[in-house]
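Protein chains in written order, with this note's numbering: chain A, 146 to 584; chain B, 5 to 486. Ideal Cβ positions, reconstructed from N, Cα and C, are used throughout, including at glycine. Nothing here was measured: the structure is a model prediction, and the numbers come from that model.
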Amino acid sequence: MAASQDSLVDRLRAEFAAVADQLPNTTVRDSRSAAVERLAAAGLPTNRDENWRYANLRALSRSRFAPIATHQPIAAPDLPAALDGFERYVFVDGQFAAGLSATPSGNVGPGIAANSPTDMDTPAAREARFALISDAFAVDGLCVHITAADSAATGASIRRIEVLFVATADATIGSSYPRLSVRLEANTRVHLIERHVSVGAAASMVNSVIDVSLDRDARLDHVRLQQLGARTTLVDTLDARLASNTHYQLHCIAYGAAAARSTLRVALQGDRSRVELTSGCLASGTQTLDTYAVVDHAAPGATTRELFRGIASGRSRIAFNGKMVVRQNARDADSVQMLKGLLAGSEAEIDIRPQLEIYTDAVKAAHGATTGKLDDAMLFYLLSRGIERDIAQSLLKWAFIEDALLGIRPEALRRQLERELSRQFQDIAALDGLLGDVK
Amino acid sequence: MTTETQNYDALVGRQYRHGFVTDIESDTLPPGLDEDVVRFISRKKKEPEFLTEWRLRALRHWLTMREPSWAHVRIKPIDYQAISYYSAPKSKADAPKSLAEVDPKLLATYDKLGVPLHERARLAGVAVDAVFDSVSVATTFKQRLADAGVIFGSFSEAVQNHPELIEQYLGTVVPHTDNFFAALNSAVFTDGSFVYVPQGVRCPMELSTYFRINAANTGQFERTLIIAEAGSHVSYLEGCTAPMRDENQLHAAVVELVALDDAQIKYSTVQNWYPGDENGVGGIYNFVTKRGECRGRNSKISWTQVETGSAITWKYPSCVLRGDNSVGEFYSVATATNYQQADTGTKMIHIGANTKSTIVSKGISAGHGQNAYRGLVKILPSAHGARNFTQCDSLLLGGDCGAHTFPYVEVKNPDATIEHEASTSKISDDQLFYCLQRGISQEDAVNMIVSGFCKTVFKELPMEFAVEAQALLAVTLEGAVG
């Protein structure tokens with residue numbers, strides 16, 4: 146294992162050396178080469194690392210690290226339907242595609258820049274090792290920096306932005322590096338939808354890095370949808386820092402990709418900051434969906450609500466590793482974790498780790514975790530009312546995952562999503578009927 | 005808060021009650037570990053060839069291993085070549101045949117600890133196999149046990165008298181390659197306890213062993229093996245105290261339990277080794293591998309532990325539920341005060357159909373103590389209808405301590421039902437106020453509340469042990485509340 150990791154790092158170095166000459170100046174070259182060296186020193190994660198036990202990283206060995214230079218042209222109809230009232234920014238294989246984007250004025254909206262990632266805010270010392278690869282190779286990214294003045298300029302109290310990251314190319318051609326940096330200044334509010342989709346059936350390698358920073362009293366509603374193609378591999382790193390009195394609502398729904406790993410770190414740095422993290426995962430076939438979410442309470446009065454629902458069918462594996470850290474100065478922290486897994490396949494696997502790391506006594510921390518099959522009593526109830534077994538099972542699964550979908554806004558997006566998810570269940574007709582009623 | 009702190013400051017500074025060193029000459033090997041040391045130990049104990057070879061295989065494997073670093077503890081580097089791997093009381097050459105022949109100094113030591121070795125042992129119906137620095141010196145109630153056909157004695161005796169049982173079972177639950185500390189133990193273990201309960205026998209009394217660490221700089225490496233044949237039943241008690249000392253002492257024990265069809269093993273531990281002083285100096289490193297295998301159908305293994313001592317505890321009593329319908333239980337109270345660090349929990353590996361496991365873990369942290377629960381519940385595809393219930397609660401006393409929970413739930417069978425609950429909180433101000441306004445002192449009130457918090461675990465202990473454990477907990481937490 147160690148030998149193959151060493152050879153991966155060597156290959157990464159070589160690929161970096163090959164593209165380093167094209168970098169614009171020595172400053173950029175130096176900072177990127179520093180990222181490569183930091184990664185080489187830390188080594189790439191393996192399944193022997195405690196927090197990477199469940200991830201499937203096999204695709205790395207056959208992926209090229211260098212960014213994709215040219216990509217297939219795609220048309221707007223290939224993409225999910227646009228949402229009313231949302232500005233749309235589209236990136237194809239990590240590069241901004243102005244033609245596919247829909248923005249209020251010109252290239253980008255106020256406070257938004259499509260930039261080289263070297264200009265973006267990144268945490269000084271990264272622990273996340275896959276983010277270091279992105280630091281070294283990413284070519285483009287979106288900067289959302291909203292000030293009170295920007296908010297006023299758009300004339301709406303809530304800024305609505307959709308960012309669509311499209312993967313098209315095969316991993317043997319290169320990797321795609323979606324980058325998104327969001328900074329909300331004091332008292333601003335943004336509704337952000339971040340989507341990862343595939344066009345075509347290529348086995349892509351996507352390495353996304355999202356950076357979120359909220360100044361005091363800011364609020365971010367962030368919906369993340371992972372709808373990548375069935376052969377794609379995703380490694381994803383999200384870093385968020387919350388100042389005083391901020392509110393971060395994070396919805397992560399994942400059902401695409403052959404193998405996906407999300408590493409989420411939310412630092413509650415300001416007092417009374419609040420994060421609501423909801424994660425829903427649906428896996429079938431041989432998919433592996435792994436999430437590692439750390440919430441670090443580093444200031445008094447911070448609150449966390451974490452909810453996870455996962456349904457694993459076929460031979461798939463779903464892992465959710467949620468860690469709450471409450472530091473000594475984070476008095477009156479309040480954290481609740483509710484993690485539930487549903488096994489819907491005889492060879493499926495669910496791995497759940499609700500962890501608490503607490504260094505103060507003035508804390509309320511609770512977690513609950515359950516894993517099992519569908520409740521026999523509920524199933525019997527439906528069967529006894531003449532509902533067929535397949536439909537009854539689909540209904541119960543639907544009810545189970547719905548907990549994770551309920552808070553998603555706007556309604557139009559949630560309906561889009563529900564419709565897509567309903568296809569995952571056996572009896573589509575039954576659910577279509579149900580959704581029809583909802584409409 | 006300030007006045008309370010002042011009240012208890014005096015208590016915080018109290019010395020460890022069980023801290024003293026018995027002055028007995030030891031036959032001790034110079035520090036260091038190589039094949040010669042292993043051969044010396046094996047020769048000294050007149051072991052058969054297969055055991056010597058097994059030890060050497062373990063040593064060779066250990067040399068290729070690295071110390072694990074995943075536990076949530078901070079450990080100063082241990083120099084394994086600076087430890088002496090053999091120490092036996094000098095009287096070993098002419099070992100005592102009865103209690104009367106036992107060195108009175110030794111007996112006085114047990115008296116100070118309150119070990120019920122003679123009268124109290126009889127009253128309590130307890131047979132005591134006392135391990136003093138790795139060699140058994142006294143075993144009582146042997147006859148009654150022998151009449152029932154139960155073999156209970158030191159591991160060395162068993163090696164001499166029942167080598168076939170040792171060869172058949174040693175290392176089958178915890179192989180010599182299992183982990184760093186188990187491999188080390190396999191190479192250099194000096195003694196321990198051995199229990200064999202024949203088919204259909206219900207052991208007539210609770211079996212008990214008191215371990216003590218005595219000579220300076222000697223790691224103690226016990227090996228315990230308990231075999232319960234089909235339809236048998238045994239309850240085993242293990243209690244520990246240690247004298248006061250300034251150096252860290254390494255303790256790496258291995259306990260293996262084998263339960264065949266319909267057999268039941270109950271293993272209870274009260275661990276009160278020297279935890280270091282109030283500044284975190286000294287104390288025992290307690291790195292233990294405990295594992296039981298429910299090999300037969302309908303078998304049951306139950307672990308109950310009260311962990312109040314040791315500077316660093318690293319132990320996960322586990323159950324491998326191989327037989328259909330087998331049951332595993334784990335009840336634990338772990339406290340960490342001053343600068344103690346505990347990373348403890350369990351593993352329940354469900355292999356057989358309809359296997360059940362229950363985990364109840366209560367962690368108490370005070371002072372600068374760090375207490376971590378780490379537990380794995382693994383359901384393999386063959387474990388149809390498996391069930392697990394886990395509850396791990398943490399209580400924090402004071403603002404400088406830590407309580408951590410690291411559960412692992414891995415499920416590969418859709419028929420399984422797994423439930424996990426955990427909570428972390430401090431002592432409720434309401435409960436405390438209620439007690440105080442009824443004239444109960446702060447300390448008594450805290451003791452009552454903590455006892456209540458631990459009650460589900462204490463009620464699993466044999467009665468006399470439960471009383472001792474409760475008293476121990478009160479002593480441990482003295483001065484930790486503020």
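Provide the residue span of the beta strand (DSSP E) that contains residue i, from first to last.
{"i": "Asp-175(A)", "result": "Asp-175(A) -> not in any beta strand (DSSP E); alpha helix (DSSP H) instead, spanning 171 to 187."}
{"i": "Asn-352(A)", "result": "350 to 359"}
{"i": "His-290(A)", "result": "286 to 291"}
{"i": "Ala-62(B)", "result": "It is not in any beta strand (DSSP E) - Ala-62(B) instead sits in the alpha helix (DSSP H) that spans 53 to 67."}
{"i": "Pro-167(B)", "result": "No beta strand (DSSP E) contains Pro-167(B), which is instead part of the alpha helix (DSSP H) from 167 to 173."}
{"i": "Ala-346(A)", "result": "No beta strand (DSSP E) holds Ala-346(A); DSSP gives it neither H nor E."}
{"i": "Ser-407(A)", "result": "404 to 413"}
{"i": "Phe-453(A)", "result": "448 to 457"}
{"i": "Thr-317(B)", "result": "316 to 319"}
Which one or two residues does DSSP pair with residue i in a beta bridge?
{"i": "Ala-247(A)", "result": "Arg-233(A)"}
{"i": "Ile-383(B)", "result": "His-354(B) and Val-415(B)"}
{"i": "Asp-435(A)", "result": "Arg-406(A) and Ala-464(A)"}
{"i": "Gly-401(A)", "result": "Its beta-bridge partners do not exist; DSSP assigns none."}
{"i": "Tyr-240(B)", "result": "Leu-211(B) and Tyr-271(B)"}
{"i": "Leu-484(A)", "result": "Phe-453(A) and Ala-514(A)"}
Excluding the 5 residues flanking residue i on each side, which residues of the same chain have their C-beta closer than 6 angstroms to its C-beta?
{"i": "Asp-419(B)", "result": "His-388 and Gly-389"}
{"i": "Asn-390(A)", "result": "Arg-361, Asp-362 and Arg-417"}
{"i": "Asp-98(B)", "result": "In this prediction, Asp-98(B) scores a pLDDT of 45, lower than 50, which makes its location untrustworthy; the coordinate-derived value is nonetheless stated afterwards. Cβ neighbours of Asp-98(B) beyond the five flanking positions: none."}
{"i": "Glu-339(A)", "result": "Val-308 and Arg-369"}
{"i": "Tyr-271(B)", "result": "Tyr-240 and Trp-307"}
{"i": "Glu-123(B)", "result": "Low local confidence applies: a pLDDT of 38 at Glu-123(B) is under 50, so the model's placement there is unreliable, with the coordinate-based value given in what follows. Taken in chain order, the list of residues that qualify is empty."}
{"i": "Ala-220(B)", "result": "Caution is warranted here: a pLDDT of 41 is assigned to Ala-220(B), below 50, making its placement in the model unreliable, and the coordinate value is therefore given only provisionally. Excluding sequence neighbours, Ala-220(B) sits near nothing in its chain."}
{"i": "Ser-160(B)", "result": "Lys-49 and Asp-195"}
Using a C-beta to C-beta distance shorter than 9 angstroms, which residues of chain A count as neighbours of residue i?
{"i": "Asp-404(B)", "result": "Gln-473, Tyr-504, Thr-505 and Asp-506"}
{"i": "Trp-4(B)", "result": "Summary: the structure shown does not reach residue 4(B), with chain B confined to residues 5 through 486, and so no result is reported for it."}
{"i": "Ser-429(B)", "result": "Asp-506, Val-508, Lys-509, Ala-510 and Ala-511"}
Run down chain A in chain order and give the residues with a C-beta less than 8 angstroms from the C-beta of residue i.
{"i": "Glu-71(B)", "result": "The contacting residues do not exist; Glu-71(B) stays about 15 angstroms from chain A at best."}
{"i": "Trp-74(B)", "result": "Glu-195"}
{"i": "Pro-385(B)", "result": "Ser-491 and Glu-492"}
Could you list which residues in chain B have their beta carbon closer than 7 angstroms to that of residue i, in chain order?
{"i": "His-512(A)", "result": "Ala-426"}
{"i": "Ile-497(A)", "result": "Val-413"}
{"i": "Ser-491(A)", "result": "Pro-418"}
Quick one: what's got a C-beta closer than 8 angstroms to residue i's C-beta in the same chain, skipping five residues either side?
{"i": "Thr-176(B)", "result": "Glu-260, Val-262 and Glu-297"}
{"i": "Leu-224(A)", "result": "Val-235, Leu-245, Leu-309, Val-311, Val-342 and Val-344"}
{"i": "Ile-383(B)", "result": "His-354, Ala-390, Asn-392, Glu-414, Val-415, Lys-416, Asn-417, Ala-420 and Ile-422"}
{"i": "Arg-476(A)", "result": "Pro-445, Gly-446, Thr-505, Ala-507 and Val-508"}
{"i": "Pro-34(B)", "result": "Ser-88"}
Quick one: which chain B residues come within Cβ less than 8 angstroms of residue i?
{"i": "Gln-500(A)", "result": "His-408, Thr-409, Phe-410 and Pro-411"}
Can you give me the start and stop residues for the alpha helix (DSSP H) that residue i sits inside?
{"i": "Ile-45(B)", "result": "39 to 48"}
{"i": "Cys-439(B)", "result": "433 to 440"}
{"i": "Phe-525(A)", "result": "521 to 529"}
Could you name the residues of the same chain whose beta carbon sits closer than 7 angstroms to that of residue i, not counting the 5 residues immediately before and after it, in chain order?
{"i": "Glu-39(B)", "result": "Leu-60 and Leu-63"}
{"i": "Arg-158(A)", "result": "Val-181 and Ala-185"}
{"i": "Gln-504(B)", "result": "As displayed, chain B neither begins before 5 nor continues past 486, which places residue 504(B) out of reach and without an answer."}
{"i": "Thr-181(B)", "result": "His-65 and Ala-187"}
{"i": "Pro-466(B)", "result": "Glu-210, Ser-239, Leu-241 and Ser-272"}
{"i": "Pro-499(A)", "result": "Gly-467, Gln-482, Leu-484, His-512 and Ala-514"}
For a contact meaning CB atoms closer than 7 angstroms, what does residue i contact in chain A?
{"i": "Ile-422(B)", "result": "Thr-515, Thr-516 and Gly-517"}
{"i": "Leu-401(B)", "result": "Asp-506"}
{"i": "Asp-419(B)", "result": "Lys-518"}
For residue i, go through chain B and note every residue whose CB falls closer than 9 angstroms to its CB, in chain order.
{"i": "Gly-486(A)", "result": "Val-413, Val-415 and Ile-422"}
{"i": "Ala-399(A)", "result": "Residues of chain B passing the Cβ test: none, with the nearest at roughly 19 angstroms."}
Assuming the contact rule is C-beta atoms closer than 8 angstroms, residue i and residue j should be a hit. Round their C-beta distance to whole Å, please.
{"i": "Arg-462(A)", "j": "Glu-494(A)", "result": "4 angstroms"}
{"i": "Asn-329(B)", "j": "Asn-358(B)", "result": "5 angstroms"}
{"i": "Gln-224(B)", "j": "Thr-273(B)", "result": "Actually they are not in contact, since the Cβ atoms of Gln-224(B) and Thr-273(B) sit about 15 angstroms apart, beyond 8 angstroms."}
{"i": "Gly-513(A)", "j": "His-424(B)", "result": "7 angstroms"}
Is there at least one non-hydrogen atom of the ligand SAM closer than 7 angstroms to the beta-carbon of residue i?
{"i": "Ile-303(A)", "result": "Among the components of this structure there are no ligands whatsoever, and the ligand SAM is therefore not found."}
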